[in-house]
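One structure is given below, encoded as structure tokens.
Residue numbers (this note's numbering): 3 to 740.
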């Protein structure tokens, strides 16, 4: 099934048949090659069929025309060898660091504070020939459909988990009384349903099973958006293999990762998420309902650091000269879109030695938070949850590491390292227990898209088929990535609610909400419904879920409540001070070139960065500003030394008033600061949302002026920067410029 979609009209498909079968755990074993810009290796999927879990309710019962098995045509190319970067063999003797196997009744040595130990293992893969069937077998066999794009799938095979030494403890039936397929599926079912307090043993056996030998190749086919796998004779999800290994490699142009350089000019690669999440990094199930755990072993040259969104603080293990291996894992089931990886020549920024008095301490939890710890049973699926750990609930500052390019090490040490403990402590004071036991902070390259992962909501993806397939509205439109109006309206809605209810009531609710729904998928209406039910009737002041949706989420433009707040904000002291300074600049602009004898020079007040943004916004409304005024403005506030927001507004002034003497500053901004092309919309909300929300606003201003010199500047900057831009940014700008 190959679907051709028009990005300006159609949507991004989610084809995984999650209603029939769910991935419960991914085990990845990958090599990163910067020469070829390819990540290759294997992924093992541990599956549970639909008879074992409750089918999710859908917002639409209409059948999506994406589902017919008859549309998949399995063909057989010529047999070809599977390239193997590092040939290893399966062995029951695996190397571990700080990792022990805990059987039933044995003591679990996990850290009491909820931190998971670091552990490593060697993975085994073996070379084989790729083969696939020739004919169209109809729809009699069950079809496992995975979301997949921009990947070269080389081979798919069933994994013989029954060959793992010691796996007998996961079987309830004697080997002689059941078929081998039933036995293997029974083992996986027991493995994926192990209790949370045996997470170490579970991860260990996931690792062992992922390295088990294959026991038969499976038929597969790929189209633009999916990978389809079947086994001849397996007519239902229950009969289908529950442990599947996929051999694959990414493509340099794949849209889930970006190969680029860091601020020191060294090569790096990282996951970008939006717009297609991780389906071009590994075959997966995209719908958020497909919550799973994962573990990953990633190998790269010894000069590189591998960072991932794992729960353990991984350290490199040298596997051969010039090559290191890193291992990460996650025990909290999460959507596949939350999987992240970054590989580069980062350096760890270490804190300067400090006295014990300077170290953050764990203080008793305030009474307002104490009500939300270790009480009752969590509402999420079972996993080793920190909310049930009394020590974890009092941990204000979790362990954290900071990584950055070499050229930014000193700046991070001076500034960033000191801020992180305060930020973590503030988050704990507002929201309560940190959901994870540790944190890695990476200073990303300039072309990192700032809007993060695309999180499709099943309630809003359009038609949902019986299999679980759906679509994401405008998922492929590159311009939609830069539309931030919904983010801003959501932010202002939360501010409005906090102001209406009062900080004490609002933040108390936030802590209660986080405790109640942690580890679960939630919708906006869940949040709003619980909020309104948690406050007295007299404080609701006519608010309802329906009215909030109508006024804030479903209507275009600025809500009336925000309009009133904006008018009130214009009357505050800081805004009035800016207004006075704007009047001074207008007066200066109107004066003749030479000041009269005895006339006093205008004295300007010192302004905060946010005030400077507002000042420049107001000056952008002026029809004419002379070069003399602009030079004075730049000199007075030392605009080139201000933050990126201020300099962005200053560049707009340069472009608007054709201040040719400062075109070099616009060029530097586009080259050094706005490679990723994301900036917030105008604070005044004065421009149309589709224009103001674009991070590419400055390029647009250069082009719409129809000034030949400005257009030449835009094209020159783009040609120099396009190689460092993310793909969606480059597409939007190229369409604008050419």
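Yeah, the Cβ is synthetic: ideal placement off N, Cα and C, and Gly gets one too.
DSSP places residue 17 in the coil class of the three-state scheme, outside both helix and strand. Shown here, residue 608 sits in coil according to DSSP, grouped into three states, outside any helix or strand. By the neighbour-count criterion, in which a residue is buried when 16 or more other Cβ atoms sit within 10 angstroms of its Cβ, residue 50 is buried. Under the three-pair Cβ rule at 8 Å, the stretch 390-398 does not count as touching the stretch 322-332. Per DSSP, reduced to three states, the secondary structure at residue 525 is coil, with no helix or strand assignment.
In the structure shown, residue 151 falls within a coil segment according to DSSP collapsed to helix, strand and coil.
A Cβ-Cβ contact shorter than 7 Å links residue 19 with residue 469. Contact between the stretch 185-198 and the stretch 277-290 is absent, with fewer than three C-beta pairs closer than 8 Å. Within its own chain, the residues whose Cβ lies closer than 8 Å to the Cβ of residue 657, once the five positions on either side in sequence are excluded, are 668, 700, 703, 704, 707, 712, listed in chain order.
With a cutoff of 7 Å on beta-carbon distance, residue 550 and residue 530 are scored as near each other. DSSP places residue 558 in the coil class of the three-state scheme, outside both helix and strand. Annotation for residue 706: the continuous alpha helix (DSSP H) segment containing it runs 699-706. Annotation for residue 507: the continuous alpha helix (DSSP H) segment containing it runs 505-519. Annotation: residue 270 to residue 436 spans about 29 Å, alpha carbon to alpha carbon. The shortest C-alpha to C-alpha distance from residue 392 to any of 728, 434, 325 is the one to 434.
Collapsing the DSSP output to three states places residue 336 in a strand. In the three-state reduction of the DSSP assignment, residue 588 falls in the helix class, which pools H, G and I. Shown here, residue 171 sits in a helix according to DSSP, grouped into three states. When C-beta atoms of the stretch 148-160 are compared with those of the stretch 225-242, three or more pairs fall below 8 Å, so the two segments count as touching. Put simply, the backbone Cα of residue 526 is about 34 Å away from that of residue 420.
In the assembly as shown, residue 273 is a buried residue. Its beta-carbon has 16 or more other beta-carbons within 10 Å.
Counting only the Cα atoms, residue 629 lies some 8 Å from residue 659. Selection 262, 429, 313, 450 evaluated against residue 731 yields 450 as nearest (Cα-Cα). Looking only at 723, 408, 534, the smallest Cα-Cα distance to residue 511 is reached by 534. The beta strand (DSSP E) runs lying completely inside the stretch 215-286 and spanning 3 residues or more are 216-219, 221-224, 228-232, 245-252, 259-263, 269-273, given in chain order. Residue 622 sits away from residue 648, with the two beta carbons spaced by 7 Å or more. The count of Cβ pairs closer than 8 Å, one atom from the stretch 414-428 and one from the stretch 303-321, stays below three, leaving the stretches out of contact. Residue 28 places its beta carbon 7 Å or farther from that of residue 41. Membership of residue 28 in the beta strand (DSSP E) is indicated by the continuous run 23-35. Residue 294 is positioned such that its CB atom lies closer than 7 Å to that of residue 26. Beta-bridge annotation (DSSP): residue 299 is paired with 31, 329. Rounded to whole angstroms, the gap between the alpha carbons of residue 47 and residue 323 is 31 Å. Judged by DSSP in its simplified three-state form, residue 322 adopts strand. Per the coordinates, the alpha-carbon of residue 557 lies some 32 Å from the alpha-carbon of residue 652. In the three-state reduction of the DSSP assignment, residue 41 falls in the strand class.
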